[in-house]
Amino acid sequence: MASVIDPERHADLIEKQREVFALFAELDAFDGPDEERPALRERVRQAAAAKNQALEESGLVTEHGWYTAEQDLKRAARAAERG
């Protein structure tokens with residue numbers, strides 16, 4: 270099945286997903302003081318919420334459902350990371 274994400278048309282969504290990936294990686298690698306962890310977790314939550322809102326506003330969720338839109342966006346973002 271073809272992706273519902275077009276790399277050119279949905280470049281902004283792909284960039285938001287890549288930002289979420291980067292923040293999750295930063296949280297996973299975080300080895301600092303525990304009192305700093307909640308602030309980093311909040312940054313991840315805010316980035317994910319902004320990505321989800323943009324994904325919904327794109328109309329892809331209405332047209333294809335959350336699962337397909339989100340999974341295809343993640344695949345497109347991973348592909349963009351690989352170049």
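Plus 269 on top of the position in the sequence shown (first one is 1) and you've got the numbering used here. Note that CB positions come from ideal geometry on N, CA and C, so glycine has one too.
- Here P302 carries a coil assignment [DSSP, helix/strand/coil].
- With a cutoff of 8 Å on beta-carbon distance, D341 and I283 are scored as not near each other.
- A direct Cα-Cα distance of roughly 15 Å separates G301 from F293.
- In the three-state reduction of the DSSP assignment, A346 falls in the helix class, which pools H, G and I.
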